[in-house]
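Protein chains in written order, with my numbering: chain A, 1 to 131; chain B, 1001 to 1136.
Quick reminder that beta carbons are idealized off the backbone N, C-alpha and C, glycines included.
What you are looking at is a predicted structure, and each value in this text was computed from that prediction instead of being measured.
Written out as C-alpha cells, the structure is:
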C-alpha cells in the first residue's frame, strides 16, 4: 500500500536554537573560572648577574628556623618589620634589603617577611641563597 | 497641515536577534575558558596582604611544593634539579611566562631556595608566590 506523502516545506526548526545556545552558554559560564591566581610578585635576578653593592646600602634581614627575625643586627617581631623598614627607606632610598633565610625556615615566615617588605614599599629586595 | 505620524506601535520585544546575542556570549565564554587544569598537590597556601593578581592564566605555569618537599609540575613529580629543563622549554615557548609557586606554608626554605636557583638557570625570572588574602 502506497502512502501519500505531503511535502511540508524545507525549513529547519529554529525555535529551539536559542535553547541549545543557552545550554551551551550555561555550560561555559559554569566552567569558566574568573578568579585569578593571586600572590606576591617577585622578579629573580638573571643567572650570573652579580653586582657589587656598597655595604652601607645593604640592610640584612635574617630569618632563623624558628621564625625569629634579625634586621641589621637587632631582633624584632615580624609584624613590626614594615614600620622599621619604612623608616630606614626614608633615610636612604637606595637601600637594598637582603633577605637570608635558614635552610629549615618555614615558607610561611618567609612569605610573612616578604609581605612586610612589600607593605613598606620596598622595591629592592634581594634573596640570598639559603645554606 | 497634518503631520504624518506613525501610529502603529510595536509592543513586542524583538526576539529574532536573541540567538545571535546568546551566540556572541557563548563564543566569548568559549574563547576565555581554559579547560586544561592540573590538580596539583594538596597544600595550604600562606597568607599575605600586599598581593597582586596574575594578569593572564595562559601565561602562567604552576609549580606545586608540598610540605613533604614534593615538587609537581603539570601533575608530574620532579626532583629539585629537574625543574630547569621543564621550565626552560616553557620559557622558550612563551617569553611572557610567569611562574606561580604554590608552596605549602610548612615547606622548608632550603627547597624554595633550590627552586629559585633552578628558575634562575632556566631564565624564568618572573615569579609569583601564590598566597591567600590575609585579614588583619
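Reduced DSSP secondary structure (H/G/I, E/B, other) of residue i
i	result
residue 107 of chain A	helix
residue 1105 of chain B	coil
residue 38 of chain A	strand
residue 1016 of chain B	coil
residue 12 of chain A	coil
residue 25 of chain A	helix
residue 1023 of chain B	helix
residue 1114 of chain B	helix
residue 1010 of chain B	coil
residue 5 of chain A	coil
residue 20 of chain A	helix
residue 112 of chain A	helix
residue 1041 of chain B	coil
residue 1067 of chain B	coil
residue 1032 of chain B	helix
Spatial neighbours of residue i in its chain, beta-carbon cut-off 7 Å, leaving aside the 5 residues before and after
i	result
residue 1121 of chain B	1084
residue 102 of chain A	63, 64, 65 and 130
residue 1117 of chain B	none
residue 120 of chain A	82, 85, 86 and 89
Per DSSP, the bridge partner or partners of residue i
i	result
residue 74 of chain A	A/71
residue 99 of chain A	A/61 and A/127
residue 1048 of chain B	B/1133
residue 1127 of chain B	A/42 and B/1099
residue 1062 of chain B	B/1100
residue 1077 of chain B	B/1072
For residue i, the first and last residue of its enclosing beta strand (DSSP E)
i	result
residue 1056 of chain B	Run containing residue 1056 of chain B: none; DSSP gives neither H nor E here.
Cutoff 6 Å; reference residue i; Cβ partners in own chain excluding five residues on either side
i	result
residue 1065 of chain B	1071, 1103 and 1107
residue 1062 of chain B	1100 and 1102
residue 81 of chain A	116
Unbroken alpha helix (DSSP H) run spanning residue i, endpoints
i	result
residue 1088 of chain B	1083-1093
residue 83 of chain A	81-91
Under 7 Å by beta carbon: chain D residues contacting residue i
i	result
residue 84 of chain A	The structure shown contains no chain D; the protein chains it does contain are A and B.
Cβ shell of residue i (< 8 Å), same chain only, five flanking positions each side left out
i	result
residue 1112 of chain B	1065, 1101 and 1103
(message) Measuring CB atoms only, is the stretch 1036-1055 of chain B touching the stretch 16-25 of chain A, in the sense that at least three cross pairs come out at less than 8 Å?
(response) No: fewer than three Cβ pairs fall under 8 Å.
(message) Using a Cβ distance threshold of 8 Å, determine whether the stretch 74-90 of chain A contacts the stretch 1089-1098 of chain B, with at least three qualifying pairs required.
(response) no
(request) May I ask you to verify whether the stretch 1024-1034 of chain B touches the stretch 6-14 of chain A, counting CB pairs closer than 8 Å and requiring at least 3? (result) Output reads no: the stretch 6-14 of chain A does not touch the stretch 1024-1034 of chain B.
(request) For the stretch 1125-1133 of chain B and the stretch 40-49 of chain A, state whether three or more C-beta atom pairs, one from each stretch, are separated by less than 8 Å. (result) Note that the stretch 1125-1133 of chain B touches the stretch 40-49 of chain A; at least 3 beta-carbon pairs, one per stretch, sit closer than 8 Å.
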